[in-house]
Amino acid sequence: MKTSILPPAHWLALFLFLCVLQTGCGGGGGDGLASGGIGGTGITVSSVGTTTGLGSVIVNGVTYDTTAAEIIVDRAFIGIGNQSLIQNIALGMVIRVEGRLVAGGNPIADRVFFSNELRGPVDSIKALDAVSSQALVLGQAVMIGDRTVLKNTEASSIAVGMVLEVSGFVDESGSINATYVNKVSDSLLPEDTVEIKGLVQNLDLQSKTFQFNSLTLSYSTANLSEFPGGAPATGQMLRARGKLGANSMLVAESLVPVEEFGTGIFDTFDLEGIITQTNPPNEFRIRQYIVTIDSETALKNLKASDLNSGIQVIVRGALTNRSIHADEIIRPEDIRIESNVSSVNLQENSVVLSGLEAATVRTTATTRIIGIASAIDQILPSDHVRVLGRRMPSGDIVASILQTTPSKEAVELAGPTESISEPFIVILGVQVDTATIPSERFKGMNGAPVFPADFFGMVKEGGTVAVDGVLQGGIVRWTAIKLE
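If you count the sequence shown from 1, position 212 lands on 237 in my numbering, and the numbers rise without skipping.
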């Protein structure tokens, strides 16, 4: 993952620009629990995403200073500062940080919020492959994979009846892609409550019931004081807490509306999530939020054509109601591979691409295969494949998205460099001969043209490089290269 959504110089430029326009950069509170608006000067920010670092807190690639941050878990104030953060927030949790961007240092977090997607007993569990499994919890499919952070258990130890707390992202099928799973207990006691967050489906105002996927909830005895109309609405995001009754119906004792960004009164917003619906060419949805893009939207680690349902992205921009106008869209993973298929190995669930034979691509049960094929056994030699993925600790390249189209000559290779010896550079095991690349098509950071000699002075082992080419008789002729 990138170390920052924008380089530090860009944060500073944005800060100085907005504070020239504003005499006071005020902000909103969150969930009605904070002690007033965000104080001081600076650009206010609300950021929702996976926790990838603690000490301060890192979310969406940005390190926030949490020295004086309020920590709020399940709407309850827990404490203030780094010690409280470390005791209550864990890697993998999807959190919301509210704070300020300031000149000359890391952004300051004023509040850090965590609420799980659900907490309840496992109804069923099955292994999907060597690294993936699916649990059914409170009627919700929970996908557990190699990137899920597990606490108090291992994936192979999860059993029916075990009570799990789950944090993650809901995908286009309604499944929760778990980033964090905590074993709360071995079984649910009669007095124990369960929790779940979701979008209201099949609302029945007469019987006072609705559904979250296959879970039916009754709100006949719930406190509805937080609903202006006295009842929930179809499509509304709610958090329910209660006890499981007959036929596994959740009888809600508490029912509250949920907004991912709290009050939404901030200058800029970051949202990590999975695209759940697309409306080409310039709009898609992440759960209840509509994201719009235009020609000014910066794309990092992806192309506009990659913005399909199922892809996980980080969106940064301005929020109006539940619509985010994207200034920048980032894919957290940095590996991209594109070429025609040379061979398919169904036993190993892998594909090899022409001209990129050193970079074998593997698929798992959580890989989304889209386009003219929807499963690996439908992929044929000479089909064109575009892979967005990640590298496992073992060195294997695992596809998150594998898009299939008819055969074409385009080739792309993007990932960490392994060795450099001008004019050669090795990326993901593939040796790239840059001698075929016109000198004007060497680019440094931010797309600025550079001379080939300067490019090789800039590139470092481990740094991300993207190179384009064309396939000619099974051999790649490289045509452009850039630092990322």
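Cβ atoms here follow ideal geometry from the backbone N, Cα and C, with glycine treated the same way.
Output the distance between the C-alpha atoms of residue i and residue j, rounded to the nearest integer angstrom.
i: S109; j: I103; result: 7 Å
i: D331; j: Q302; result: 13 Å
i: F194; j: K222; result: 11 Å
i: M187; j: E443; result: 44 Å
i: E447; j: I354; result: 32 Å
i: R411; j: I394; result: 10 Å
i: I426; j: G117; result: 21 Å
i: G80; j: N131; result: 13 Å
i: S368; j: R310; result: 35 Å
i: P463; j: T504; result: 7 Å
i: D148; j: A160; result: 7 Å
i: V475; j: R416; result: 29 Å
i: S313; j: G298; result: The sequence shown places Gln at residue 313, rather than the Ser named in the question. Answer to the nearest angstrom: the Cα atoms are 11 Å apart.
i: D217; j: A424; result: 40 Å
i: F252; j: S320; result: 39 Å
i: G53; j: V501; result: Low confidence applies to G53: its pLDDT is 32, below 50, so where it sits in the model is not reliable, and the reading given next is rough at best. Each residue's Cα considered, the two are about 53 Å apart.
i: D402; j: L508; result: 35 Å
i: S348; j: V283; result: 16 Å
i: I336; j: H409; result: 19 Å
i: Q510; j: L175; result: No information on residue 510 is available, as it lies outside the stretch 26 to 509 that the chain covers here.
i: S250; j: S273; result: 26 Å
i: T322; j: F294; result: 14 Å
i: Q47; j: K233; result: Confidence at Q47 is low in this model, with a pLDDT of 35, below 50, so the placement of that residue is unreliable and no value is reported for it.
i: G55; j: A134; result: The predicted model places G55 with a pLDDT of 36, which falls under 50 and marks its position as unreliable; any figure quoted below should be read in that light. Spanning the two alpha carbons is a distance of roughly 12 Å.
i: P173; j: D196; result: Reading the sequence as shown, one finds Thr at residue 173 and not Pro. Answer to the nearest angstrom: the Cα atoms are 15 Å apart.
i: R100; j: A258; result: 22 Å
i: T241; j: P305; result: 34 Å
i: S432; j: Q497; result: 12 Å
i: I506; j: K328; result: 16 Å
i: F481; j: I452; result: 14 Å
i: F8; j: V162; result: There is simply no residue 8 to check, as the chain begins at 26 and stops at 509 in what is shown.
i: V316; j: I300; result: 9 Å
i: E465; j: V495; result: 17 Å
For a quick check, are the C-beta atoms of residue i and residue j less than 7 Å apart?
i: V127; j: Y89; result: no
i: V219; j: G145; result: yes
i: V340; j: L296; result: yes
i: A289; j: L344; result: The sequence shown places Gly at residue 289, not Ala. Cβ atoms of G289 and L344: closer than 7 Å.
i: N326; j: D359; result: yes
i: G74; j: V82; result: no
i: V377; j: R356; result: no
i: R125; j: G164; result: no
i: R387; j: S375; result: yes
i: S192; j: V137; result: no
i: T91; j: D292; result: no
i: A166; j: S200; result: yes
i: E434; j: E363; result: no
i: F139; j: I114; result: yes
i: F286; j: S71; result: yes
i: D458; j: F467; result: no
When DSSP builds the beta bridges, which residues end up paired with residue i?
i: M274; result: Looking at the DSSP assignment, M274 forms no beta bridge with any residue, so it has no partner.
i: A323; result: E353
i: S348; result: I315, T345
i: A505; result: D493
i: I97; result: F102, F138
i: T303; result: F309
i: S210; result: V188
i: I68; result: L126
i: S81; result: For S81, which the question treats as bridged, DSSP gives no partner whatsoever.
i: L336; result: Note that residue 336 is Ile in the sequence shown, not Leu. Beta-bridge pairing links I336 to no other residue.
i: E220; result: R144, R266
i: V281; result: R264
i: A166; result: L161
i: T442; result: I452
key: Sufficient close CB pairs (3 or more, under 8 Å) joining the segment 279-286 to the segment 259-266   = yes
task = At 4 residues or longer, and completely inside the segment 108-162: list those alpha helix (DSSP H) runs for me, N to C.
result = none
ask   = On the three-pair Cβ rule with 8 Å, is the segment 226-237 touching the segment 202-216?
value = no
query = Are at least three pairs of beta-carbons, each pair with one atom in the segment 145-159 and one in the segment 91-103, less than 8 Å apart?
reply = no
inquiry  = Check whether the segment 377-392 and the segment 126-143 are in contact - that is, three or more C-beta pairs closer than 8 Å.
reply    = no
ask   = Between the segment 428-442 and the segment 486-504, do at least 3 Cβ pairs fall closer than 8 Å?
value = yes
key: contact_flag[the segment 388-405, the segment 469-478] where n(CB pairs < 8 Å) is 3 or more   = no
inquiry  = For a minimum of 3 consecutive residues, which ranges assigned as the beta strand (DSSP E) are wholly contained in the segment 225-272?
reply    = 226-229, 234-237, 240-243, 262-269
inquiry  = Which runs of the beta strand (DSSP E) at least 3 residues long sit entirely within the segment 360-438? Give them in chain order.
reply    = 360-370, 375-378, 393-396, 409-416, 422-430
ask   = Fully enclosed by the segment 170-207, which beta strand (DSSP E) runs are 3 residues long or longer?
value = 174-176, 188-195
task = List in chain order: all unbroken beta strand (DSSP E) runs of 3+ residues lying wholly within the segment 444-488.
result = 449-452, 455-458
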